[in-house]
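Mapping of the sequence shown onto the UniProt record's numbering: position 98 corresponds to residue 98, and the numbering continues sequentially without gaps.
Idealized CB from N, CA, C, for every residue including glycine.
Quick caveat, the model's predicted, so the values are computed rather than measured.
These notes concern the structure reproduced below.
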Amino acid sequence: MSEKRTLVATFGFDMDFVLRRISGRKYDRIILLSLKTPEGQKRVEKAYTTLKTVCISMGVDCTLEWLTDKGLVRTIYSILSEETGKADVELYLTGGPRILVISALTAALTLSNKQAGKINIVVEGEAFEKTWEAPLKTLKKLVALDEKSREILMHTAVLGRASLAELARRLGLPKPTVLRRLRELMNEEVVCKVGDEYLLCSWIDQLL
Numbered sequence: 001m002s003e004k005r006t007l008v009a010t011f012g013f014d015m016d017f018v019l020r021r022i023s024g025r026k027y028d029r030i031i032l033l034s035l036k037t038p039e040g041q042k043r044v045e046k047a048y049t050t051l052k053t054v055c056i057s058m059g060v061d062c063t064l065e066w067l068t069d070k071g072l073v074r075t076i077y078s079i080l081s082e083e084t085g086k087a088d089v090e091l092y093l094t095g096g097p098r099i100l101v102i103s104a105l106t107a108a109l110t111l112s113n114k115q116a117g118k119i120n121i122v123v124e125g126e127a128f129e130k131t132w133e134a135p136l137k138t139l140k141k142l143v144a145l146d147e148k149s150r151e152i153l154m155h156t157a158v159l160g161r162a163s164l165a166e167l168a169r170r171l172g173l174p175k176p177t178v179l180r181r182l183r184e185l186m187n188e189e190v191v192c193k194v195g196d197e198y199l200l201c202s203w204i205d206q207l208l
């Protein structure tokens, strides 16, 4: 039996973003996260009513979760935590106000590694066709790097390919220190080595 799939989306006045995402894709459930404000509530409800009609016609359960700005991150954390126990989750951060989007991303990053392994982050261009996707587990791995490792990683990213000597020179660090960090990054499959040069592994090269 295949794993169920849930779309958790930040949601505002425009239902077109979610419609675009669910077109041609199969989800078992859709959860819309919306910030409840006196000014925007009616517009959100109108968009949700129309979207729910579409979801019903597709045989997909669609619910709207009203959120307040108090405890926003912890509320989203609870929703994501519960949902990862039931299904693979796609966290779609294209619609809704910025505070909601940032809160959802922050909540996701605080999940356990096991839960993070079931979540994929997706952001689409609002006025152009471009999609940015990343497994949450990957983002957590990057965030967990210490300052020196991040610095080595980003210098490698900017240079494209770099030798140990070049990285040590640019960073102003001893070669043994840089080599040790590079080996750690290679063990994490973040940095790869080709000949005498270091470069980003393909999956993270696409991300950065």
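Inter-residue spacing [alpha-carbon to alpha-carbon] between T110 and V89: 15 Å
Whole-angstrom C-beta distance between L100 and L159, which should lie under 8 Å: No, L159 and L100 are not in contact; Cβ-Cβ is about 37 Å, not under 8 Å.
For R161, three-class secondary structure by DSSP: coil
R29 vs T6 beta-carbon contact at 8 Å: The Cβ-Cβ distance between R29 and T6 falls below 8 Å.
Candidates E83, L185 and Y198, of which the one nearest L167 by Cα: Y198
Per-residue burial, V8 [other beta carbons within 10 Å of its own, 16 or more giving buried]: buried
Buried or exposed (CB count within 10 angstroms, at least 16 for buried), Y56: The sequence shown places Ile at residue 56, rather than the Tyr named in the question. Result: exposed.
Exposed unless 16 or more other CB atoms sit within 10 angstroms - verdict on M1: Confidence is the limiting factor: at M1 the pLDDT is only 41, short of 50, which leaves the residue's position unreliable, though a coordinate-based value still follows. Here M1 is exposed, its C-beta having fewer than 16 other C-beta atoms within 10 Å.
L19 burial status per 10 Å Cβ neighbour count (16 or more: buried): exposed
S103 burial status per 10 Å Cβ neighbour count (16 or more: buried): Under the 10 Å beta carbon count, S103 is surrounded by 16 or more other beta carbons and is classified as buried.
Completely contained alpha helix (DSSP H) runs for the region 100-139, where each covers 4 or more residues: 113-116
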